[in-house]
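Participant: The numbering of the sequence shown is our numbering, which starts it at 25 and goes up by one.
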Amino acid sequence: MSMSAPGPERVPQSVKVDKTSGQGKPPAKAAAAKKATAGRGPAGKGPAGKGSGKGRKPVTPVKVAGNRNWGPIAVAGVVVLIAVGIIGYGVFAAVQGSRGWEDKVAEIAGVTNYREQKNAAIDARDHKEGPQTYVTSPPVGGAHNSAWQNCMGDVYDKPIANEHAVHSLEHGAVWVTYKEGLPADQIEVLQKKVQGKEYTFMSPYAGLDKNVSVQVWGYQLKVDDVNDSRIDQFIQDTRLVASMEPGAACSSGNTTTGPLQAAPNGAATGN
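(1) Just tell me which of Tyr229, Leu206, Val129 and Ser276 has its CA closest to the CA of Val250.
(2) Taking the continuous alpha helix (DSSP H) assigned at Asn186, which residues delimit it?
(3) Using the Cα positions of Gly154 and Ser170, report the straight-line distance between them to the nearest angstrom.
(4) Can you look up Thr201 in the DSSP assignment and give me helix, strand or coil?
(5) Check whether the stretch 160 to 180 touches the stretch 250 to 259, counting contact only when three or more Cβ pairs, one atom from each stretch, lie closer than 8 Å.
(6) Considering just the uninterrupted stretch of the beta strand (DSSP E) at Val179, what are its terminal residues?
(7) Who are Leu245's beta bridge partners in DSSP?
(8) Would a C-beta distance cut-off of 8 Å place Asp147 and Ala167 closer than the cut-off?
(9) Any contact between the stretch 135 to 147 and the stretch 179 to 193? By contact I mean 3 or more CB pairs, one from each, below 8 Å.
(10) With DSSP collapsed to three states, give me the class of Thr280.
(11) Can you give me the C-alpha to C-alpha distance between Gly220 and Met226, rounded to a whole angstrom?
(12) Hey, Val179 and Gln215 are a contact pair by Cβ (cut 8 Å); roughly how many whole angstroms apart?
(13) Touching or not, the stretch 264 to 274 and the stretch 195 to 202, by the rule of three or more beta carbon pairs under 8 Å?
(14) In its own chain, which residues sit with a C-beta less than 8 Å from the C-beta of Lys234, not counting the 5 before and 5 after it?
(15) Where does Lys221 sit, in a helix, a strand or coil, going by DSSP?
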């Protein structure tokens with residue numbers, strides 16, 4: 025039996041394993057060295073950005089503005105509003121002041137303007153003795169007695185003579201009349217509007233068609249409610265300024281009540 029010649033000797037090959045081979049783990053020393061150098065910059069000069077000053081520049085934080093201080097703004101706004109209000113009121117007052125009293129009275133609902141009617145019987149200003157006949161009730165003008173009714177805030181509890189009352193209207197007084205039999209508490213309300221106020225006077229009036237009638241020369245307002253605000257407005261807008269004889273007195277007048285007695289022969293005394 026023949027023996028075959030031996031072939032070439034097989035030499036075992038060694039396989040190098042490194043960290044990129046995917047087989048096994050890197051040597052322990054290499055891992056330790058890697059960990060030791062972690063975080064260092066180039067050439068072992070310490071952490072990046074430090075030491076040499078050539079690293080990345082620090083980022084400047086962005087400042088965010090806080091809440092706006094509204095206190096001064098609110099104060100300024102209030103000042104502006106006050107200024108506007110003052111200016112607006114000044115303009116309004118100037119406009120109101122430039123308006124005549126007749127314009128103001130014309131805006132009061134329910135006022136009758138007898139002056140614009142140009143009625144001779146109402147416009148007459150003659151002084152005549154004895155009872156007179158009047159166009160309106162209560163009268164708002166016309167011939168009248170030479171003596172006026174005292175109108176310094178006087179309150180009469182009985183009817184007074186028309187002829188004296190009309191003369192007071194000519195002097196610029198406001199005459200407040202009320203229906204006879206009006207409850208005492210309502211009379212008291214009217215009395216407070218008159219008592220002690222110069223160029224006003226008050227009395228009950230027989231046959232009045234409304235609870236209250238307020239008149240000056242040539243103007244009249246009639247209402248049913250003694251608390252009607254138009255009464256106060258009428259008094260305010262007409263007292264004194266409605267005078268046909270500016271500056272004429274309301275004191276030293278007649279203070280009696282009741283109708284006039286007939287004058288002999290209907291004598292007239294002139295103006």
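Positions of the beta carbon are idealized from the N, C-alpha and C atoms, including for glycine.
Note that this is a predicted model, so its numbers are computed, not measured.
Facilitator: The structure says:
(1) Reading the sequence shown from its first residue, position 226 is the one you call residue 250. Out of Tyr229, Leu206, Val129 and Ser276, Leu206 has the C-alpha closest to the C-alpha of Val250.
(2) Here residue 186 refers to the residue found at position 162 of the sequence shown. Per DSSP, Asn186 belongs to the alpha helix (DSSP H) from Asn186 to Glu194.
(3) Taking the first residue of the sequence shown as 1, we reach residue 154 at position 130. Taking the first residue of the sequence shown as 1, we reach residue 170 at position 146. So the alpha carbons of these two residues sit roughly 10 Å apart.
(4) Translated into positions along the sequence shown, residue 201 becomes position 177. Three-state result, Thr201: strand.
(5) no
(6) Reading the sequence shown from its first residue, position 155 is the one you call residue 179. Residues Met176 to Val179.
(7) Taking the first residue of the sequence shown as position 1, residue 245 is located at position 221. Partner(s): Val135 and Val238.
(8) Sequence index remark: in the sequence shown, residue 147 carries index 123 (1-based). Sequence index remark: in the sequence shown, residue 167 carries index 143 (1-based). Against a cut-off of 8 Å, the Cβ pair of Ala167 and Asp147 comes out as no contact.
(9) no
(10) Position 256 of the sequence shown, counted from the start, is the residue given in the question as residue 280. Thr280: coil per DSSP, three-state reduction.
(11) In the sequence shown, counting from the first residue as 1, residue 220 sits at position 196. In the sequence shown, counting from the first residue as 1, residue 226 sits at position 202. For Gly220 and Met226, the distance between alpha carbons rounds to 11 Å.
(12) Within the sequence shown, numbered from 1, the residue matching residue 179 stands at position 155. Within the sequence shown, numbered from 1, the residue matching residue 215 stands at position 191. Going by Cβ atoms, the distance from Val179 to Gln215 rounds to 5 Å, so yes, they are a contact pair.
(13) yes
(14) In the sequence shown, counting from the first residue as 1, residue 234 sits at position 210. Only Lys203, Lys246, Val247 and Asp248 meet the Cβ criterion.
(15) In the sequence shown, the residue the question calls residue 221 occupies position 197. Reduced to three states, the DSSP call for Lys221 is coil.
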